[in-house]
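Per numbering that gives the first Met the number 0, the sequence shown runs over residues 0 to 129. Virtual Cβ for every residue (Gly too), placed ideally from N, Cα, C. Here the structure is laid out as structure tokens; the discussion comes afterwards.
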Amino acid sequence: MALALAGPVAACGQECQHGHGRLHAGGPGLTTWFITRHPGAIDWAHAQQLQVDHFVNHLDPALIRAGDTVMGSLPVHLAAAICERGARYLHLSLDLPAELRGRELSVQQLHQFSARLRPFQVTALPASVR
Numbered sequence: 000m001a002l003a004l005a006g007p008v009a010a011c012g013q014e015c016q017h018g019h020g021r022l023h024a025g026g027p028g029l030t031t032w033f034i035t036r037h038p039g040a041i042d043w044a045h046a047q048q049l050q051v052d053h054f055v056n057h058l059d060p061a062l063i064r065a066g067d068t069v070m071g072s073l074p075v076h077l078a079a080a081i082c083e084r085g086a087r088y089l090h091l092s093l094d095l096p097a098e099l100r101g102r103e104l105s106v107q108q109l110h111q112f113s114a115r116l117r118p119f120q121v122t123a124l125p126a127s128v129r
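Structural data, given as structure tokens:
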């Protein structure tokens with residue numbers, strides 16, 4: 000099964016060439032992380048034949064290095080921290096009906112709801128002073 004990603008792109012606005020349908024750390028010493036606490040998402044990643052170094056259910060941004068790849072559905076502040084550190088963020092996106100939010104999904108349901116990895120560049124803006 001091919002990776003659901005349009006073209007050879009990386010997150011944080013960088014172009015990359017990782018080969019047809021493959022995402023990986025991008026070089027020696029770099030790490031690919033998949034952040035999820037959902038077994039169905041892990042099964043989906045395996046079905047996509049993603050090359051993942053670490054599946055973890057919680058991300059410590061201090062572990063992320065420039066050039067790493069981080070995949071998952073992260074809160075915006077964590078996605079910003081990842082991009083700030085020079086890593087790529089690939090968001091696991093779904094076209095999920097409202098009635099299924101908050102439920103565990105199977106790998107079949109993830110396919111049904113068009114699971115895909117989308118690159119994002121997330122930047123925190125300066126806090127406004129009141």
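What does the alpha-carbon distance come out to for the pair residue i and residue j?
i: residue 70; j: residue 122; result: 17 Å
i: residue 198; j: residue 124; result: As shown, the chain starts at 0 and ends at 129. That puts residue 198 outside it, with no answer to give.
i: residue 53; j: residue 95; result: 26 Å
i: residue 97; j: residue 112; result: 12 Å
i: residue 107; j: residue 127; result: 44 Å
What are the start and end residues of the alpha helix (DSSP H) that includes residue i?
i: residue 132; result: The chain is shown only over 0 to 129; residue 132 falls outside these bounds and no answer can be derived.
i: residue 110; result: 106-111
i: residue 38; result: 38-46
How would you call residue i, buried or exposed, if buried means at least 16 neighbouring beta carbons within 10 angstroms?
i: residue 49; result: buried
i: residue 87; result: buried
i: residue 99; result: exposed
Look at residue i and residue j and say whether their C-beta atoms are less than 8 Å apart.
i: residue 85; j: residue 61; result: no
i: residue 31; j: residue 68; result: yes
i: residue 114; j: residue 93; result: yes
Determine which residues share a DSSP beta bridge with residue i and list them.
i: residue 118; result: 89
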